[in-house]
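Protein chains in written order, with my numbering: chain A, 1 to 173; chain B, 174 to 346. Structure first, then comments.
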């Protein structure tokens, strides 16, 4: 793998982004949980109020055989806020297709994201990893990542829509 | 006790900053707060805000011994799940100790849930320290599920020196 390029995603990349999202979900054994559509991604990433930003990795089309995909990796991120230290860059998804791993593409993506974080005045880059995903945990730890769940005891919780509706229609004070 | 939940205004940042410090003291991490009320004003009340905030206030006759009528806050922002789409993340929820047990925390959280539902968010997420039993009980009673226990999710971060080191090696623009 001698040449690949990293660039900002454009609306035309949405079908590829969804394809890679599904591949990552499959890798995490949760393929059936992806309910997002191309229309959602387009509106939510390239509309008036973007909910996310995306970088894609592509290989030159002449290097592809059998009309294989040109977009072979992506990273999706957005900005969050820590009231103690201010802006943070949150890495939501990060994936390189299996046949393109081991060439340093993932590393370059992570460096570009870090550069973006520093450039936009973020103190930190945060993300979550499933504890069963040892390959990813090692990848991040080798590069200096700290596990806040282990070190400080943070646990992630979710509240689904049905409970949100129940909460928001509770008695007025 | 009667109380009101409303969207924070720029002028509330001094009170929010005060309560952020109180919450940090409660979590045994007061020396980690680096933001000032000026940072909060810039980051929450510019054309591109990085967070939204609700505050709870009580009538003058119930003000604290130091004269404060703003007694609680909820700070949140929007995130994105590549599986399910728009989400709301509640970063901080705090009620001053003398004002707990009166439904103020529930009222603040209900309003965050309502805002999330209006913005078509499919879920609310938050994180809690594993030793914080009162908070764990509070959220679980509202339907929160512990994803760290259930699915093994851990929080990781690249911070300070490790972030700078990665950023320096990024591909040039």
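Cβ atoms here follow ideal geometry from the backbone N, Cα and C, with glycine treated the same way.
Cβ shell of residue 7 of chain A (< 8 Å), same chain only, five flanking positions each side left out: 55, 56, 58
Residue-chain proximity (residue 103 of chain A, chain B), Cβ-Cβ < 9 Å: no
Contacts around residue 126 of chain A, its chain only, beta-carbon distance under 6 Å, and the 5 residues preceding and following it disregarded: 88, 90
C-alpha gap between residue 139 of chain A and residue 162 of chain A, whole angstroms: 37 Å
Nearest-angstrom Cα separation, counted from residue 71 of chain A out to residue 105 of chain A: 12 Å
Chain-order list of residues whose beta-carbon lies under 8 Å from that of residue 42 of chain A (same chain, five-residue window excluded): 11, 14
Distance CB(residue 216 of chain B)-CB(residue 224 of chain B) smaller than 9 Å: yes
Element boundaries [alpha helix (DSSP H), containing residue 136 of chain A]: 134 to 142
Other residues of its chain near residue 157 of chain A: CB distance less than 8 Å, five sequence neighbours each side excluded: none
Supposed close pair residue 159 of chain A, residue 315 of chain B - CB separation, criterion 8 Å: 6 Å
Interface positions of the segment 214 to 247 of chain B facing chain A (Cβ-Cβ less than 7 Å), listed along the chain: 216, 223, 224
Within-9 Å CB hit, residue 273 of chain B to chain A: no
Beta-bridge partners of residue 169 of chain A, as assigned by DSSP: Paired residue(s): none; residue 169 of chain A is not in a bridge.
Whether residue 328 of chain B touches residue 154 of chain A by CB criterion (9 Å): yes
Stretch-stretch touch, CB-based, cutoff 8 Å, three pairs: the segment 119 to 138 of chain A with the segment 266 to 284 of chain B: no
Three-pair Cβ contact test at 8 Å for the segment 244 to 262 of chain B versus the segment 201 to 210 of chain B: no
Cβ neighbours of residue 236 of chain B in the same chain (closer than 8 Å, five flanking residues each side left out): 242
Limits of the beta strand (DSSP E) - the one that residue 31 of chain A falls within: Premise fails: residue 31 of chain A is in no beta strand (DSSP E) and is neither H nor E.
Interface residues of the segment 287 to 298 of chain B facing chain A [CB-CB below 8 Å]: 287, 289, 290, 294, 295, 296, 297, 298
Simplified DSSP assignment, three categories, for residue 14 of chain A: helix
Any chain B beta carbon closer than 9 Å to residue 173 of chain A: Model confidence at residue 173 of chain A stands at a pLDDT of 41, short of 50, so the residue's coordinates are unreliable; what they give is reported in the following sentence. Answer yes: the Cβ-Cβ gap between residue 173 of chain A and chain B drops below 9 Å somewhere.
Three-state class that DSSP yields for residue 179 of chain B in the structure shown: strand
Residue-chain proximity (residue 259 of chain B, chain A), Cβ-Cβ < 9 Å: yes
When A:107, A:98, A:117 are compared against residue 80 of chain A, the one with the closest alpha-carbon: A:117
Alpha-carbon spacing of residue 221 of chain B relative to residue 183 of chain B, whole angstroms: 14 Å
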